[in-house]
Amino acid sequence: MEGPRPAARSGARQGDPAKLAALRAAAQLLHRPATARHPADVARAICGAQAQDPSAGRLAFRARSAHLRAVEVDRARTEERSLLRTWAMRGTMHLIATEDAAWLVPLFEQTFAENSTRRLLQLGIDLPTQERALREVRKALKADGPLTRGDLVERLALKKIVLDSSTRLHLFRLAIARGIACLGPDAGSQTCLVFAPDWLGQRPRHRREAALRELARRYLRAFGPATEADFAGWAGLGVREIRSALAGIGSELIEARMGDRTAWTLKGAVRRPRRRIVRLLPAWDTYLMGHRDREFIAEPARWRRIMPGGGLLRPAIVVDGVAAGTWRLRRGGTALKVELEPFTDLDSAVAEALAAEVADVGRFEGRPAELGEAAAG
């Protein structure tokens with residue numbers, strides 16, 4: 002399949018990693034534009050915040066808005082229902098704008114359903130039992146939701162459907178993939194499941210081709226300029242569909258060169274900001290996950306300090322889109338403690354900006370935040 006036929010070629014070569022990083026940081030709203038005032042605005046603009054760690058997912062909104070607070074992000078998810086926490090790109094939990102769920106989530110539902118069904122079979126739950134369990138989950142949530150996972154496990158046990166910690170995870174993922182359930186409000190430290198049609202309303206049906214084109218627009222707006230391989234890696238979809246999506250919006254694209262690779266951006270995409278961007282990004286921030294080639298963020302030796310292996314992606318200090326170190330947030334006691342671990346000594350301007358970032362973490366969380374000792378190295 003041919004690649005997209007762009008409406009224009011910029012003639013520009015994105016050969017300077019620092020300029021590329023600053024451009025992509027702005028595309029991710031790390032310059033905190035005035036338009037980023039509501040959690041759904043941010044989620045829509047960046048095509049979802051990665052949120053397998055709920056507290057880190059919230060902090061992604063702080064990095065992109067000077068006004069939002071953690072309680073507002075939680076309220077948008079649990080009361081307003083304008084944010085939805087669900088599995089999306091790469092099979093990873095994200096916070097997305099609820100209005101995007103109708104076209105975005107179905108792109109991945111079939112894969113999630115097939116994977117969950119297969120895993121349940123491997124764990125000894127046959128297909129008839131899976132279907133019976135899903136019917137019981139549907140009845141329970143429709144009648145009495147929201148319910149915690151523990152509540153549902155107890156109700157299923159009364160119907161002679163016994164689930165352990167592994168099988169319950171995959172059954173509930175299957176219920177979400179089938180459109181029966183979704184994640185709703187919290188009960189203490191637990192997130193409850195709710196009956197999806199009641200919580201989300203009836204979702205209009207979208208043709209897959211149209212949804213893929215919209216995904217391409219959203220991705221390039223949030224991560225461009227980017228290559229076909231970048232888009233495929235971020236989405237977790239096959240190259241054939243990725244190419245088709247880009248070809249479908251070819252008239253909206255501008256071509257740029259990155260070394261020997263072709264990259265794409267949208268017409269009217271965000272320009273490089275004029276002021277410096279210094280941010281404390283949370284663990285698994287979507288900015289760090291948007292491209293296959295991440296050397297514009299950090300050289301390999303430094304990247305290994307951000308992503309040391311074992312499923313870890315540490316919080317990062319970012320200056321104009323380039324990683325300048327890692328950091329840690331400690332929540333014990335009455336005050337938050339932020340410990341910085343820069344890769345090298347920081348100049349006074351960056352150090353001052355980071356002190357402001359630490360204070361802003363406290364503002365966002367609603368607790369005082371103190372700066373720990375910075376240990377360069």
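Numbering-wise, our numbering comes out as the position in the sequence shown, counting from 1, plus 1. Positions of the beta carbon are idealized from the N, C-alpha and C atoms, including for glycine. What you are looking at is a predicted structure, and each value in this text was computed from that prediction instead of being measured.
| field | Close Cβ partners of Q1 (< 6 angstroms) along its chain, the five nearest in sequence each way excluded | value | Residue numbering for the chain in the displayed model covers 2 to 378; residue 1 lies beyond these limits and cannot be assessed.
| Do the segment 218-236 and the segment 85-102 make contact, defined as three or more Cβ pairs closer than 8 angstroms? | Touching, yes, given that three or more Cβ pairs across the two stretches are closer than 8 angstroms.
| task | Please go through the same chain and pick out, in chain order, the residues whose beta-carbon is closer than 6 angstroms to the beta-carbon of F196, but skip the five residues on each side of it. | result | Excluding sequence neighbours, F196 sits near L142, K143 and G146.
| Buried or exposed (CB count within 10 angstroms, at least 16 for buried), L30 | Flag for L30 reads buried.
| message | Assuming E256 is part of the beta strand (DSSP E), what are its boundary residues? | response | Element bounds for E256: L254 to M259.
| field | Sequence-distant residues of the same chain with beta carbon closer than 7 angstroms to T327, five excluded per side | value | Leaving aside the five residues that flank T327 on each side, the residues in its chain whose CB is nearer than 7 angstroms to its CB run, in chain order, R306, I307, R315, P316, A317, I318 and E342.
| query | Per DSSP, which one or two residues make a beta bridge with E343? | reply | Note that residue 343 corresponds to Pro in the displayed sequence, not to Glu. According to DSSP, which records beta bridges pairwise, P343 is partnered with G326.
| said: For a test of the three-state rule: what should DSSP assign to R206, helix, strand or coil? | reply: In the three-state reduction of the DSSP assignment, R206 falls in the coil class, being assigned neither a helical nor a strand state.
| said: By alpha-carbon positions, which one of W104, A325, V138 and K20 ends up nearest to A302? | reply: Looking at the Cα atoms, A325 is the closest of the given residues.
| Does the separation of the CB atoms of A1 and A37 fall below 8 angstroms? | Given a span of 2 to 378 for the chain in the structure shown, any question on residue 1 remains unanswerable.
| Between the segment 93-113 and the segment 211-224, do at least 3 Cβ pairs fall closer than 8 angstroms? | Segments in contact, yes.
| said: Pull the bridge partners of R280 from the DSSP assignment, please. | reply: Answer by DSSP bridge pairing, in chain order: V319.
| said: With three or more C-beta pairs closer than 8 angstroms as the rule, is the segment 115-122 touching the segment 167-181? | reply: Result yes; three or more Cβ-Cβ pairs closer than 8 angstroms.
| request: Quick one: grab the DSSP three-state call for I307. | output: It is helical.
| query | For W285, which three-state DSSP category applies? | reply | In the structure shown, the three-state DSSP call for W285 is coil.
| task | Kindly give me the distance between the Cβ atoms of L108 and I97, rounded to whole angstroms, as I take these residues to be in contact under 8 angstroms. | result | In fact, because the Cβ distance is near 12 angstroms, the residues do not count as touching under 8 angstroms.
| query | CA-CA distance, R25 and L247? | reply | Using only the alpha carbons, I get a separation of about 19 angstroms.
| field | the segment 252-261 touching the segment 283-291, judged by at least three CB pairs closer than 8 angstroms | value | Too few Cβ pairs lie closer than 8 angstroms, so no.
| message | So the candidates are H39, D17, V43 and K20; which of them puts its Cα closest to the Cα of R222? | response | Nearest C-alpha to R222 among H39, D17, V43 and K20: V43.
| task | Along the alpha helix (DSSP H) that carries H95, what are the first and last residues, could you check? | result | Under the DSSP assignment, H95 falls outside any alpha helix (DSSP H), being part of the beta strand (DSSP E) whose first and last residues are M94 to A98.
| field | A22 - containing alpha helix (DSSP H), residue span | value | Its alpha helix (DSSP H) spans residues P18 to A28.
| query | Just how far apart, CA to CA, sit A19 and R273? | reply | Near 11 angstroms, if we compare the C-alpha coordinates of R273 and A19.
| Going along the chain, which residues of its own chain have a beta-carbon closer than 7 angstroms to the beta-carbon of A71, five neighbours each way excluded? | Correct list, in chain order: R59, F365, E366 and G367.
| message | Cutting at 7 angstroms between CB atoms, please list the residues of its own chain near S11, excluding the five before and the five after it. | response | At S11, the pLDDT of 49 sits below 50, so the modelled position is not reliable; the number obtained from the coordinates is stated separately. Hits under 7 angstroms: I255, E256 and A257.
| With DSSP run on the structure shown, which of helix, strand or coil describes P186? | Collapsing the DSSP output to three states places P186 in a strand.
| message | Buried or exposed for D348, going by 16 or more other Cβ atoms inside 10 Å? | response | Around the beta carbon of D348, a 10 Å sphere encloses fewer than 16 other beta carbons of the protein chains shown; the residue is thus reported as exposed.
| query | What does L267 pair with, by DSSP beta-bridge criteria? | reply | DSSP output for L267 lists L254 as bridge partner(s).
| field | Reference G185; option with closest CA among L175, R179, D199 and A178 | value | When only C-alpha atoms are compared, the closest one is D199.
| said: For the pair the segment 258-268 and the segment 224-233, tell me if three or more CB-CB distances fall below 8 angstroms. | reply: A contact exists between the segment 258-268 and the segment 224-233.
| request: Would you identify the three-state DSSP class for L213, choosing helix, strand or coil? | output: In the structure shown, L213 sits in a helix (DSSP, three-state: H, G or I).
| Out of curiosity, what's the CA-to-CA distance linking C48 and P34? | Rounded to whole angstroms, the separation of the alpha carbons of P34 and C48 is 16 angstroms.
| task | Rank L128, S166 and V154 by C-alpha distance to the C-alpha of V138 and give the top, closest one. | result | Here the closest residue by C-alpha is V154.
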